[in-house]
Amino acid sequence: MSRRPDEVQHRPLPSVGIPLLRDEVRATRTRRLVLGAVLSLGLAGGVVALFVLPDLSSDDPPPQPADPRTLASLMIPREIVDKPDAGVADASVIAIPEGEEIDDDGSVRVVRRFGDARGFRPALLSAGCTGSEADDLIAALTGTMDFRRCRPTHEMVVERDPDGILQRFEYRASSTQIYEARRDDEGTLQGRQVEVPIEVLRVRRGGTVRSSLGTALERAGLGRQLVGTFVETFEREVSFNTHTRAGDTFRIIVDEERVDGELLRYGTVHALEVRGQRLGEHQAFWFEAREGRGEFFDETGRAVHGGWLRTPLRYDHISSPFDPRRMHPILRRIVPHNGIDYAAGSGTPVWAAADGTVAFVGPRGANGNLVSLRHANGFESAYAHLSRFASGLEAGDEVEQRQIIGYVGSTGRSTGPHLHFGLKHHGRWVDPASELNGPGRMMAARHLGAFRQRVRELQAELAAIPVRGTAGGAEGDDGPSEGAPEHEVEDEVEDEVTDEVTDEDAEDEAVSDTTSTEVLD
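Its first residue numbered 0, the sequence shown is counted upward by one per residue in numbering that gives the first Met the number 0.
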């Protein structure tokens with residue numbers, strides 16, 4: 000058959016025919032896969048029906064869809080699920096907190112730190128409490144604890160029964176400051192401060208100085224902070240920085256306050272003794288003419304301290320002396336240091352250095368919480384960076400020497416807990432260490448009889464404390480001297496349980512943002 004030259008032969012183009020073929024193949028494969036999946040599901044359903052599902056002839060009603068409230072109860076306490084107003088906001092904060100312990104009976108105990116929460120309520124929510132539970136706990140503890148004094152290191156304990164109902168909450172600010180909210184018989188949360196028993200042990204120790212008094216105290220099983228007690232007590236007669244020599248000896252009778260066997264702090268120091276070639280021989284005895292108001296006296300009944308306390312607290316060490324040309328550790332420029340900084344633990348009691356009148360009490364800018372006292376003969380004393388003040392202390396109050404006026408803290412412009420003690424004489428700052436060094440006053444005659452009897456008892460106790468070590472030994476304090484017993488201080492320890500008390504005071508801190516016209520530190 001002939002074909003005209005202009006006639007075009009049409010045939011499928013690869014660019015059109017091949018894709019169409021691929022679509023058909025893909026469709027076929029898809030249909031096969033779907034069919035296979037349906038058959039597989041059918042077979043699986045038959046197996047489940049045959050071996051797993053209960054007998055269809057059972058009289059039990061057919062299973063109903065799970066109640067969402069039942070599912071929610073698996074995540075949140077039952078009391079929350081049963082409340083009509085328990086919405087998503089409350090349920091969203093319920094998770095499995097860190098530190099969760101589950102007892103055999105199903106009760107749950109969660110321990111969580113306060114951390115960086117912005118407030119008490121957010122901290123409760125982060126510990127697994129719901130909003131309503133947090134509100135109930137706040138109501139129960141209001142008036143019992145101060146929510147403004149919460150710190151990141153404080154611990155919270157949440158305890159729930161097997162049904163998930165909150166039964167007990169505990170807030171631990173310190174080993175002796177514990178608050179609790181517990182459900183009573185009517186189901187209401189009741190808050191209280193827990194009384195923590197403190198065991199008081201009377202400890203008698205002695206030792207020999209080889210390189211420093213602080214290390215000698217440690218070798219005798221005591222804390223270095225007691226160095227401040229020796230320095231403070233004998234400062235008018237002795238300079239431990241220049242007079243101490245290897246071979247000097249000490250004895251001390253002191254109360255240790257312990258909680259669950261752990262040392263909490265040192266209590267009353269009943270008697271002290273130091274002996275040495277340059278130190279001389281000195282003893283001091285604590286005597287309280289009135290309960291809670293005592294001081295150290297020598298054996299004759301004269302106060303060891305003069306008319307002033309050169310150190311108005313028991314401190315660890317002097318962190319910064321009086322220095323008109325001191326480089327400020329924060330401002331990094333020359334700023335006069337108009338006083339002495341005594342490093343001590345937060346909460347350490349601060350005493351009035353002498354009888355006087357309160358001129359100011361409150362926050363004052365960079366000085367933090369400040370107490371200023373006016374004294375006789377043109378003297379004024381200042382106590383800065385306090386964590387808090389003595390209860391009820393107000394401007395105009397008359398105070399006596401060694402009366403507690405506040406507690407060590409780190410408020411204001413401060414790098415750590417310490418007391419800044421400043422002294423003015425006729426309006427000019429002076430060095431307390433050189434200014435306050437007068438003779439002590441004699442005890443009132445009516446107390447001398449009881450005091451002398453007390454001295455005889457304490458001197459007998461001191462004399463019974465063994466002091467070991469080689470006089471003049473030059474060895475370091477990190478090991479026994481040659482020829483000395485290997486366990487040099489073990490037989491120098493004599494402890495006696497004397498009492499048991501409770502402590503409701505906290506070692507806490509407060510922070511102020513007010514401004515000041517005069518910076519002491």
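Note that the Cβ used here is the ideal one computed from N, Cα and C, for glycine as well. Here the structure is a predicted model, which is why all the values come from computation and not from measurement.
Item to complete: Could you pull the start and end residues of the beta strand (DSSP E) that I252 belongs to?
Response: T248 to V258
Worksheet item: A389: which of V156, G405 and A463 sits nearest, CA to CA?
Response: G405
Worksheet item: Does DSSP classify L385 as helix, strand or coil?
Response: Under the three-state reduction of DSSP output, L385 falls in the strand class.
Worksheet item: Just the Cα atoms here: how many angstroms apart are R235 and R244?
Response: 18 angstroms
Item to complete: Please name the residue or residues paired with H336 in a DSSP beta bridge.
Response: According to DSSP, H336 shares a beta bridge with D322.
Worksheet entry | Inter-residue spacing [alpha-carbon to alpha-carbon] between P431 and S371 | Distance between the alpha carbons of P431 and S371: 15 angstroms.
Fill in: Coil, strand or helix - F450 by DSSP
helix
Item to complete: Give every residue of the same chain whose Cβ lies closer than 6 angstroms to the Cβ of A270, excluding the five residues on either side of it in the sequence, and list them in chain order.
Response: If we look at A270 and ignore the five residues flanking it on each side, its Cβ neighbours are I252, F284, L457 and L461.
Discussion item. Quick test of your reading: R112 and T152, contact by CB under 8 angstroms. State the CB separation rounded to the nearest angstrom.
Written reply: 7 angstroms
Discussion item. According to DSSP, simplified to helix, strand and coil, what is F113?
Written reply: coil
Worksheet item: Three-state secondary structure (DSSP) at P348?
Response: strand
Discussion item. Using a 10 Å radius around the Cβ and a threshold of 16 neighbouring Cβ atoms, would you call T414 buried or exposed?
Written reply: exposed
Discussion item. For V273 and S238, I'd like the C-alpha separation in whole angstroms.
Written reply: 12 angstroms
Worksheet entry | Pick from Q400, V110, R373 and Q166 that is closest to P311, judged by C-alpha positions | Q400
Worksheet entry | Chain-order list of residues whose beta-carbon lies under 6 angstroms from that of R167 (same chain, five-residue window excluded) | E158 and R181
Worksheet item: Anyone know if the C-beta pair for L212 and R257 falls short of 8 angstroms?
Response: Not in contact: L212 and R257 (Cβ atoms no closer than 8 angstroms).
Practice prompt. Inspect the beta-carbon positions of S523 and L422 and report whether they are closer than 8 angstroms.
Written response: A query on residue 523 cannot be resolved here, the shown segment of the chain reaching from 0 to 520 and no further.
Item to complete: Specify the secondary structure class of V466 as computed by DSSP and reduced to three states.
Response: coil
Fill in: 8 angstroms Cβ cutoff met for G367 and T410
yes
Worksheet item: Tell me which same chain residues have a C-beta within less than 6 angstroms of the C-beta of S318, skipping the five on either side of it?
Response: D340, A342 and H417
Worksheet item: Are the CB atoms of G227 and D315 nearer to each other than 8 angstroms?
Response: Contact: yes.
Fill in: Reduced DSSP secondary structure (H/G/I, E/B, other) of Q189
strand
Discussion item. Report the start-end ranges of each beta strand (DSSP E) in the stretch 201-279 that is 3 residues or longer and not cut off at the edges.
Written reply: As far as the stretch 201-279 is concerned, its whole beta strand (DSSP E) runs of at least 3 residues are 248-258 and 261-275.
Worksheet item: Alpha carbon to alpha carbon, how far is T347 from V107?
Response: Distance between T347 and V107, taken at the CA atoms: about 38 angstroms.
Item to complete: For P362, name the three-state secondary structure that DSSP assigns.
Response: P362: strand per DSSP, three-state reduction.
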